[in-house]
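Enquirer:
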Amino acid sequence: CNLDNKRIQEGRSKNETEKCNTNPCRKNLPFTGDFEMTPISNDWHEVSIKATGDGSYLWENKAGVKWSLHPILGRGDRLRVGEECPYYPWYSVAIFTEEYVTGPSEEKYYRKVNTGFVLSSTGDVAERHGGKLGIYDSQPDGDNTRYEQRGGDKHIYCLGQEGGMCNSWILSGSLGSENGGLKTSNLGNTGMGWYYADKIRYGFINNDITVKFVPLSTNSCILRESIMLIGPKILKDYLGDFTIVQGKFSAGRPVWENVGGKVLKIIPGTTRKEKKERTFGVYDNLSSSIALIRSGSAPTCPTNAKAAHNERTGRGWQYWDGKDWVEDDTISAI
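Each residue of the sequence shown is one higher than the one before, counting from 98 in the working numbering.
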């Protein structure tokens with residue numbers, strides 16, 4: 098490890114601190130989960146990181162070797178490695194991104210995509226709050242657990258308790274806020290047990306019978322390895338087979354890419370317009386925020402029939418012709 102002792106203890110250098118003022122390196126990222134280094138060549142390359150209950154974490158590989166990980170004040174993207182680690186002090190800080198955690202020798206251990214939970218809907222919530230759906234990872238939060246949207250900016254957290262049990266869960270982009278886009282009394286509720294904000298009616302309503310929050314399974318449509326997007330020939334560069342990008346997520350969903358480098362994704366959105374238009378879109382590249390094709394709504398998966406129809410706006414799949422959005426019912430994701 099080429100970090101000096103002072104930098105290791107503080108978990109940051111002066112230059113890193115300056116960078117933190119202009120990028121999201123202080124973002125609180127989910128530390129728990131299952132990770133693997135690819136290609137897997139031995140049992141040390143498959144890792145599980147779990148909370149220990151005292152604010153720290155435990156790194157344990159499939160070979161049974163384990164070491165502790167400890168929070169660094171003010172840093173939500175890294176943990177200090179315990180001295181019992183066989184690679185200590187050369188490996189002293191584990192750095193987390195939304196896709197991977199760094200191990201010894203700065204090797205990248207990618208988060209397995211079949212862990213976590215899925216907030217899903219193919220109803221009204223997909224039309225009004227599609228950007229809030231997708232995969233969430235659990236994170237210790239005092240006596241409770243909160244859930245962080247993978248590759249997004251949303252949180253699900255407990256806001257109220259009764260008899261030692263949480264009876265008020267809020268989904269919001271501002272952790273700890275009493276206001277959010279969705280809420281429920283129990284994460285095990287389905288359908289009308291979930292309420293969503295409706296700005297037109299100035300309140301919360303619960304008429305979406307499709308909402309649920311369930312463990313992520315390997316056969317979930319959200320983990321489709323490939324998606325075929327079909328449509329008119331004039332859009333051929335933005336159509337075809339899209340393959341999942343390893344370890345890349347956006348707004349709780351994977352990102353898929355075709356052979357020409359065009360990507361199918363939902364962007365979390367930073368501007369008011371982007372947040373309003375959180376639908377599946379096809380973009381020129383991984384970093385682009387301007388879609389050339391977009392879905393009508395944003396259900397759990399782009400292959401859901403709901404993606405092709407939005408009752409509220411009357412929109413289906415559309416493409417940008419250089420001047421305006423054009424409706425085209427030949428576009429579909431299968």
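Just so it is clear, CB atoms sit at the ideal spot from N, CA and C, and this is done for glycine as well.
1) Starting from Gly-257, follow its DSSP beta bridges and name the residues at the other end.
2) In this structure, how does DSSP classify Lys-251 when only helix, strand and coil are distinguished?
3) For chain C, check one thing: does any of its Cβ atoms lie closer than 9 Å to the Cβ of Gly-277?
4) Looking at the structure shown, is His-226 part of a helix, part of a strand, or coil, going by DSSP?
5) Given this structure, state the Cα-to-Cα distance separating Lys-441 from Glu-275, to the nearest angstrom.
6) Check for me: the beta strand (DSSP E) holding Arg-391 runs from which residue to which?
7) Given a threshold of 16 other Cβ atoms within 10 Å of its Cβ, counted over all protein chains shown, does Asp-432 qualify as buried or as exposed?
8) Would you be able to state if there are at least three C-beta pairs under 8 Å between the stretch 407–416 and the stretch 347–363?
9) Name the residue from Tyr-254, Tyr-335, Arg-225 whose alpha carbon lies nearest to the alpha carbon of Ser-429.
10) Given this structure, state the Cα-to-Cα distance separating Lys-280 from Pro-312, to the nearest angstrom.
11) By Cβ distance below 6 Å, which residues in the same chain neighbour Val-352 in space, the five residues on each side in sequence not counted?
12) If you follow the beta strand (DSSP E) that Ile-306 is part of, which residue opens it and which one closes it?
13) Would you mind working out which of Asp-151, Gly-150, Phe-132, Thr-149 sits nearest His-142, comparing C-alpha positions?
14) By DSSP's criteria, Cys-236 is part of a beta bridge. Which residues make up the other side?
15) For the beta strand (DSSP E) holding Gly-288, just list the boundary residues, first then last.
16) Where do the N-terminal and C-terminal ends of the beta strand (DSSP E) with Ser-323 fall, by residue?
17) Would you decide whether Asn-316 is buried or exposed? Buried here means 16 or more other CB atoms lie within 10 Å of its CB.
18) Excluding sequence positions up to five away, which residues of its chain have a Cβ less than 6 Å from the Cβ of Glu-180?
19) Using only alpha-carbon positions, find the residue among Thr-397, Cys-255, Ala-404 that is nearest to Leu-272.
20) What does a CB cutoff of less than 7 Å around His-167 pick up in its chain, not counting 5 residues either side in sequence?
21) Is it buried or exposed, Trp-187, if we count other Cβ atoms within 10 angstroms and call 16 or more buried?
22) Could you check how far apart the C-beta atoms of Thr-129 and Gln-236 are, in whole angstroms? I think they sit under 8 Å.
23) With a 10 Å radius around its C-beta and 16 neighbouring C-beta atoms as the bar for buried, classify Trp-414 as buried or exposed.
24) How long is the line joining the alpha carbons of Ser-218 and Thr-307, rounded to whole angstroms?
25) Just verifying my parser: in three-state terms, what is the DSSP assignment at Glu-354?
Expert: According to the structure data:
1) Ser-265
2) coil
3) Of the protein chains in the structure, only one exists, and it is not chain C.
4) coil
5) Limits of the chain in this structure are 98 at one end and 431 at the other, which puts residue 441 out of reach.
6) 388–391
7) Examination of residue 432 is not possible in this model, given that the chain is present from 98 through 431 alone.
8) no
9) Tyr-335
10) 18 Å
11) Val-342, Lys-345, Val-360, Lys-362
12) Here Ile-306 belongs to no beta strand (DSSP E), and DSSP marks it neither H nor E.
13) Phe-132
14) Per the sequence shown, the amino acid found at residue 236 is Gln instead of Cys. For Gln-236, which the question treats as bridged, DSSP gives the partners Arg-243.
15) It is not in any beta strand (DSSP E) - Gly-288 carries neither H nor E in the DSSP assignment.
16) 323–327
17) exposed
18) none
19) Cys-255
20) Ser-153, Leu-176, Arg-177, Gly-179
21) exposed
22) 7 Å
23) buried
24) 5 Å
25) strand
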